[in-house]
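Participant:
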Amino acid sequence: MADADTEFHKIIPTLPVRDVSASVRCYVDTLGFTLGGRMGEEFASVFRGEVAEVNIYLRRSPGAFTPAECFVMVTDPDALHAAYARRDVTVVEPPRDTEWGYRQFTIADPDGHLLHLFRHLDRAGGVPD
């Protein structure tokens, strides 16, 4: 049962990675995130937005792992796709309208984690009030 008086504001996924430095380079240099903090080769935090509205933890995992999928709401997936197309970003799926009401495209990071970057088709700008 949900507590009607409690609002949820953020979720921070922790993604297992083989090489923290390589992942930081991808997220910061290629995807435009900011490095929030780092603990050597074991852990890093990257974020986007003034108050880290999108925050991802990267934790070194020496063993095998299954890549994760994250959906990230953005204001303009087409413009972001165009920007990423000019960089060394692995685009798994180009922008498209989905049957569930998203305009989205999908990229993969060096560890195979998928980021689905989307906006709602029924909301101009994609970000809810």
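Each residue of the sequence shown is one higher than the last, beginning at 949 in our numbering. For each residue, glycine too, the CB sits at the ideal point set by N, CA and C. The structure presented is a predicted model; accordingly, all values stated were derived computationally and were not measured.
Can you find the residues in the same chain that come closer than 6 angstroms, C-beta to C-beta, to residue 971, ignoring five residues on each side of it along the sequence?
Facilitator: So the qualifying residues of the chain are 965, 1006.
Participant: Take the Cβ of residue 1074 as the centre, count every other Cβ of all protein chains shown within 10 Å, and call the residue buried at 16 or more, exposed below.
Facilitator: Confidence is the limiting factor: at residue 1074 the pLDDT is only 48, short of 50, which leaves the residue's position unreliable and the question unanswerable from this model.
Participant: Can you say whether residue 957 is buried or exposed, counting buried as having 16 or more other CB atoms within 10 angstroms of its CB?
Facilitator: exposed
Participant: Taking the alpha-carbon of residue 1015 as reference, which of 954, 967, 1061 has the nearest alpha-carbon?
Facilitator: 1061
Participant: Return helix, strand or coil for residue 959, following the three-state DSSP convention.
Facilitator: coil
Participant: Rounded to whole angstroms, how far is the Cβ of residue 980 from the Cβ of residue 1003, which I believe are closer than 8 angstroms?
Facilitator: At roughly 14 angstroms, the Cβ-Cβ gap does not stay under 8 angstroms, so residue 980 and residue 1003 are not in contact.
Participant: Below 8 angstroms on the Cβ atoms is my guess for residue 1049 versus residue 1024; work out the distance and round it to an integer in Å.
Facilitator: Rounded, the Cβ-Cβ distance is 16 angstroms, inconsistent with contact.
Participant: Rounding to the nearest angstrom, what Cα-Cα distance links residue 954 and residue 967 in this structure?
Facilitator: 37 angstroms
Participant: Identify whether residue 952 lies in helix, strand or coil by the three-state DSSP scheme.
Facilitator: coil
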